[in-house]
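Everything below concerns the one structure shown next.
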Amino acid sequence: MTLLVLAAGMGSRYGGLKQIDPITESGEFIIDFSVFDAIRAGFDRVVFIVKEQNLEDFKETIGKRIEGKIKVEYAFQSLDKLVDADKIPADRVKPWGTTHAVLCAEDVVGDDSFVVINADDFYGADAYAKAAEFIKEAEKSADAHYCMVGYRLGNTLTDNGSVARGICETDENGMLTTIVERTKIYKEADGASFEDENGEKIHLENNTVVSMNIWGFTSSVFAGLKKHFDNFIDDSEREPLKSECYLPNVVGLLKNEGACDVKVIETSAKWYGVTYHDDKPGVVASINALIDAGEYPRGLWK
Numbered sequence: 002m003t004l005l006v007l008a009a010g011m012g013s014r015y016g017g018l019k020q021i022d023p024i025t026e027s028g029e030f031i032i033d034f035s036v037f038d039a040i041r042a043g044f045d046r047v048v049f050i051v052k053e054q055n056l057e058d059f060k061e062t063i064g065k066r067i068e069g070k071i072k073v074e075y076a077f078q079s080l081d082k083l084v085d086a087d088k089i090p091a092d093r094v095k096p097w098g099t100t101h102a103v104l105c106a107e108d109v110v111g112d113d114s115f116v117v118i119n120a121d122d123f124y125g126a127d128a129y130a131k132a133a134e135f136i137k138e139a140e141k142s143a144d145a146h147y148c149m150v151g152y153r154l155g156n157t158l159t160d161n162g163s164v165a166r167g168i169c170e171t172d173e174n175g176m177l178t179t180i181v182e183r184t185k186i187y188k189e190a191d192g193a194s195f196e197d198e199n200g201e202k203i204h205l206e207n208n209t210v211v212s213m214n215i216w217g218f219t220s221s222v223f224a225g226l227k228k229h230f231d232n233f234i235d236d237s238e239r240e241p242l243k244s245e246c247y248l249p250n251v252v253g254l255l256k257n258e259g260a261c262d263v264k265v266i267e268t269s270a271k272w273y274g275v276t277y278h279d280d281k282p283g284v285v286a287s288i289n290a291l292i293d294a295g296e297y298p299r300g301l302w303k
């Protein structure tokens, strides 16, 4: 199984890969813990999706210290990959979102089953173990069975600004029924809220199940992602400079078409992330508490 890590946005979010701050005394980043947990869950390869211009910095800061622990490969996301030149707006700079990122790795992933994660999110060991268990069973079926590890919204908010989350609904069997990516979700005293397409404020409860972009797929997913990404690119009504093709939305479309089903896996793990610089102290304290409790060794790769 492959761990597919979405890391093409790391340079822009952190002001350059060389400026990434470690979160432990041993110098680990959040991604070190993700790879460590994946190895313990039985993954044998990690593929990092990065900007090609960041490759050497990425290898120096992250890649080389896990080489020898797990097979490491790289894929590149760029604005013009998989998109015809005449369909790229002249002033557009940013790539096309998380669906595009996954598609940029198809040639590297090949026929392997894989789990997608964000590079800067801490998901917890239980999430990887359960996703790996699901994928091993899904590989035995000719049908397209995928999974998503679901978190409670209240455990994924920040006091320092807005977040983007895939808002999910499930049936009585824990199967995904709807998922919609919502941006600019703000924490409130009794939950959270966002504004819909009509500018109406929508309240969300803290126990709302959300996607944190940890998905389990077999390789069958690539064909469906490509179809809907091409539709996105051809959509004349999308915002040309900033619109993105979000992975949760596309998975929702595939499910609605009957092309797959999606199991929402509940996890006992707690999510941590550094969406904003001011989030870091809390994340550092929480992860170091896990180390103190013996859930991780002091110095992952020693």
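Numbers 2 to 303, taken from my numbering, label the letters of the sequence shown in order. Think of the CB as a built atom: it goes at the ideal place given N, C-alpha and C, for glycine as much as any other residue. Every value quoted in this text rests on a predicted model; they were computed, and no experiment measured them.
Identity of the residue in I118, S163 and R183 nearest I215 by Cα: I118
CB contact flag (I50, Q78, <8 Å): yes
Identity of the residue in T99, P90 and T25 nearest A290 by Cα: T25
Touching by the beta-carbon criterion (3+ pairs, under 8 Å), the region 241–255 and the region 120–134: no
F195 - containing alpha helix (DSSP H), residue span: Counting along the chain, F195 falls outside any alpha helix (DSSP H), though it belongs to the beta strand (DSSP E) covering G192 to E196.
Short Cβ contact (8 Å threshold) for E170 with T179: yes
Nearest neighbour of E107, chosen from A260, P282, H278 and T3 [CA to CA]: T3
N-terminal and C-terminal residue of the alpha helix (DSSP H) that G151 is part of: Run containing G151: none in the alpha helix (DSSP H); it sits in the beta strand (DSSP E), H146 to R153.
Segment contact, 8 Å Cβ cut-off, at least three pairs: the region 221–235 with the region 180–195: no
Host alpha helix (DSSP H) of Y341 (start-end): Because residue 341 is not part of the residues shown, which for the chain are 2 to 303, the question remains open.
Spatial distance of Y277 from A143 (CA atoms): 42 Å
Completely contained beta strand (DSSP E) runs for the region 24–84, where each covers 3 or more residues: 46–51 and 72–77
Boundaries (first-last residue) of the alpha helix (DSSP H) holding I89: Segment: none, I89 is in no alpha helix (DSSP H) and carries neither H nor E.
Separation of L177 from T157, as counted between CA atoms: 19 Å
Contacting residues, own chain, Cβ-Cβ under 8 Å from F230 (five flanking each side not counted): L83, W97, T100, H101, L104, C246 and V251
Reduced DSSP secondary structure (H/G/I, E/B, other) of I266: strand
Best match in L248, K227, F218 and R166 for proximity to T209 [C-alpha to C-alpha]: R166
Presumed contact (8 Å Cβ cut-off) between V36 and I71, rounded CB distance: 6 Å
Buried or exposed (CB count within 10 angstroms, at least 16 for buried), H146: buried
When D38, L18 and K303 are compared against E57, the one with the closest alpha-carbon: L18
Beta carbon of I136 nearer than 8 Å to that of S114: yes
Span of the alpha helix (DSSP H) around N208: That residue, N208, is in no alpha helix (DSSP H); it is neither H nor E in DSSP.
8 Å contact criterion, which N161 and D279 should meet: CB distance rounded: 4 Å
Cα-Cα separation between G151 and E53, rounded to whole angstroms: 31 Å
Residue of D236, G10, G64 and G69 minimising C-alpha distance to V94: G10
Counted within 10 angstroms of its Cβ, other Cβ atoms place A8 as buried (16 or more) or exposed: buried
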